[in-house]
Amino acid sequence: MTIKKLSPEELLGINKFAVDEDEAHIVLDKAICATCKEKPCLVVCPAVLYTLKGGEVNFDYAGCLECGTCRVVCKDKGIIKWTYPRGTFGVAFRCG
Ligand code: SF4
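In full-length UniProt numbering, the protein residues as written are 1 to 96.
Next comes the structure, spelled out in structure tokens:
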């Protein structure tokens, strides 16, 4: 039997997401993010949901793994809301 080793991207692609289009479970205040010098969210999110475009932090809560890391490292409190998604929404881990 051969066991295929999956890349992180392949493993993340196995998960299923029920995205709550009506209510984001994570919300940023981009004015605060703009003044944050370190922007740790750009490097800690395992799903790479935070990106920098034109100097502005962009974020899409779809694909969130609900690990809470961004909430912990956001020392300037640019994340003004962090909750788990409402019932029936969010990530369903399919591999482990
Ligand atoms: S909770 Fe985890 S996966 Fe979701 S956005 Fe924050 S760091 Fe990324």
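Glycine residues also receive a C-beta, built at the ideal position from the N, C-alpha and C atoms.
Nothing here was measured: the structure is a model prediction, and the numbers come from that model.
Would C70 pass as a contact of C45 if the rule is Cβ separation under 7 Å?
The answer is yes: Cβ separation under 7 Å.
Cutting at 6 Å between CB atoms, please list the residues of its own chain near T51, excluding the five before and the five after it.
Contacts found: N58.
Return the residue from the list F89, R86, P85, D76 that minimises the CA-CA distance to L28.
Here the closest residue by C-alpha is D76.
What residue range is occupied by the uninterrupted alpha helix (DSSP H) comprising V57?
It is not in any alpha helix (DSSP H) - V57 instead sits in the beta strand (DSSP E) that spans 56-59.
Does the Cβ-Cβ distance between D20 and P85 come in under 7 Å?
In this structure, P85 lies closer than 7 Å to D20 by Cβ.
Are the beta-carbon atoms belonging to V73 and P40 less than 7 Å from one another?
Taking 7 Å as the Cβ cut-off, V73 and P40 qualify as a contacting pair.
Where does the unbroken alpha helix (DSSP H) through residue 108 begin, and where does it stop?
Residue 108 is absent from the structure shown; the chain starts at 1 and stops at 96.
So T51 is in the beta strand (DSSP E); what residue range does that whole segment cover?
Looking at the DSSP string, the run of the beta strand (DSSP E) that includes T51 is 50-53.
Mind checking which residues open and close the alpha helix (DSSP H) that includes V44?
From DSSP, the alpha helix (DSSP H) with V44 extends over 41-44.
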